[in-house]
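Novice: Got a structure for you, questions after.
Put into structure tokens, the structure is as follows:
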């Protein structure tokens, strides 16, 4: 892997970590959860080997330092809290979600997400649909979405963030019947 590719992956990972930290702290401010516990849960959900998990933890600490330096979070009363500026930044992140980066070459595999979220969690289900649409997934059916590139890490973060672990399945498929319209949609060769 070249230097530019490596730098790009680091930037992408740092963006994901930053979003996860800010979102976690925003939810924690509402009293919904313990932010340190969620960050550990996100790391475990990534199923990384121990050495990669340590690397991820170091990346989280570095991201936390950067966020504090930018004034988006602050350490008060033995907890990290999101600032008003951080809340505004989070709103911008959520409203203007940028599609996932695309590699130069498609590996000819489809990433399919299937979810079955109960009616009692309708609000969460709708948020999942909006999020998937905003980051570039294509809807095949209400609860079946497709994307042509690797997005497993992001899906692990979504599962942790929305607390829908077993309700959302990530599938890698070689073919989808009559996928010509999908190839046009994603501008694949």
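In this note's numbering, the protein residues as written are 1333 to 1521.
Just so you know, even glycine gets a beta-carbon here, dropped at the ideal spot from N, CA and C.
1) Does the segment 1347-1356 come within contact of the segment 1397-1407, defined as at least 3 CB pairs closer than 8 Å?
2) Do you know how far the Cα of residue 1485 is from the Cα of residue 1449?
3) Restricting to runs no shorter than 3 residues, where is the beta strand (DSSP E) found entirely within the segment 1430-1514?
4) Taking one C-beta from the segment 1406-1420 and one from the segment 1458-1475 each time, how about it: are there three or more such pairs within less than 8 Å?
5) One question on the structure: do residue 1441 and residue 1511 come within less than 9 Å of each other, judged by their Cβ atoms?
6) In the DSSP assignment, what are the bridge partners of residue 1411?
7) From residue 1483 to residue 1455, what distance separates their C-alpha atoms?
8) Could you check which residue in 1435, 1446 and 1463 has the C-alpha nearest to that of residue 1502?
9) Which same chain residues, not among the five before or five after residue 1550, have their C-beta less than 6 Å away from its C-beta?
10) Determine the DSSP secondary structure at residue 1418, reduced to helix, strand or coil.
11) For a test of the three-state rule: what should DSSP assign to residue 1520, helix, strand or coil?
12) Tell me whether residue 1497 is buried or exposed, calling it buried when 16 or more other Cβ atoms sit within 10 Å of its Cβ.
Specialist: Considering the structure as presented:
1) Three or more Cβ pairs closer than 8 Å define a contact, and the segment 1347-1356 meets that threshold against the segment 1397-1407.
2) Here residue 1449 corresponds to residue number 117 of the chain shown, with the count starting at 1. Here residue 1485 corresponds to residue number 153 of the chain shown, with the count starting at 1. In a straight line, the C-alpha of residue 1449 is about 20 Å away from that of residue 1485.
3) Complete beta strand (DSSP E) runs here, min 3: 1442-1447, 1470-1473, 1476-1479 and 1500-1505.
4) When Cβ pairs closer than 8 Å are counted between the two stretches, the segment 1406-1420 is seen not to touch the segment 1458-1475, the count staying below three.
5) Position 109 of the chain shown holds residue 1441. Position 179 of the chain shown holds residue 1511. No, Cβ-Cβ distance for residue 1441 and residue 1511 is not below 9 Å.
6) Translated into positions along the chain shown, residue 1411 becomes position 79. Residue 1411 pairs with 1408.
7) Mapped onto the chain shown, residue 1483 falls at position 151. Mapped onto the chain shown, residue 1455 falls at position 123. Taking the straight line from one Cα to the other gives about 23 Å.
8) Position 170 of the chain shown, counting from 1, holds the residue named residue 1502. Of the listed residues, the one whose Cα sits closest to residue 1502 is 1446.
9) The question about residue 1550 has no answer, for the chain in this structure spans 1333 to 1521.
10) In the chain shown, counting from the first residue as 1, residue 1418 sits at position 86. In this structure, residue 1418 counts as helix in the three-state DSSP scheme.
11) On the chain shown, residue 1520 is found 188 positions in, with the first residue counted as 1. In the three-state DSSP reduction, residue 1520 falls in the coil class, being neither helix nor strand.
12) Taking the chain shown and counting its residues from 1, the one referred to as residue 1497 is at position 165. Classified as exposed, residue 1497 has fewer than 16 neighbouring CB atoms from the shown chains inside 10 Å of its CB.
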